[in-house]
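Colleague:
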Amino acid sequence: MTDKHNSEKFQGSGDIVKRDNEKRIMGGWFNVFKYDGEDVVDRQGDVVDIESYSDAYVEYVKDARVGKFDHDGNQRADLIDSILIDSEEYAKMLVSEITGMSPEDIPVKKIGHFGSFQVRSDEDWELAKNDKLMFSIGGTGKREEIND
């Protein structure tokens with residue numbers, strides 16, 4: 175059921191897809207759960223359970239909203255926006271509302287968590303916009319075996 179080579183097909187590089195240099199805001203995919211309809215399997219062979227992630231997402235957005243770089247413990251950015259696209263239907267509904275396209279005509283490539291941060295310092299912004307730092311949002315999880 176799960177393609178163990180999926181991580182080779184989908185390389186989550188964390189590309190910045192939203193950038194505002196004046197306000198020091200950058201955004202992109204925080205996590206991708208499905209790519210082309212298949213579960214994303216990371217380099218450690220793990221698959222994120224969307225339902226469990228959804229619970230953690232709500233707590234993070236309500237209580238934390240902290241941006242860090244490279245798993246450093248210091249807050250260096252603030253969450254500006256965040257959206258959990260947890261199903262193909264939801265993705266199609268969003269795009270349909272924005273574009274007026276019929277949901278049936280909308281292809282969905284990714285299902286996941288998208289958002290953006292405002293970087294606090296000019297020094298960090300220079301590093302981040304030149305791809306010298308990687309965003310990290312912290313959390314803990316519990317591994318469970320998946321029975322195919």
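The end of the sequence shown is residue 322 by this note's numbering, with every number in the run present.
Each residue gets a CB set at the ideal place from its N, CA and C atoms; glycine is no exception.
1. Just tell me which of Q292, S270, D298 has its CA closest to the CA of K197.
2. At the level of alpha carbons, what is the spacing between I224 and S295?
3. Taking the CB atoms as reference points, tell me whether Y231 and L258 lie closer together than 9 Å.
4. State the beta-bridge partners of F291 as determined by DSSP.
5. Report the partner residues of D194 according to the DSSP bridge assignment.
6. In three-state terms, what does DSSP make of D223?
Modeller: This is what the structure holds:
1. Q292
2. 33 Å
3. Yes, Cβ-Cβ distance for Y231 and L258 is below 9 Å.
4. BP columns for F291 point to M200, L253.
5. Assignment of beta-bridge partners to D194 by DSSP yields I199.
6. Correct three-state label for D223: coil.
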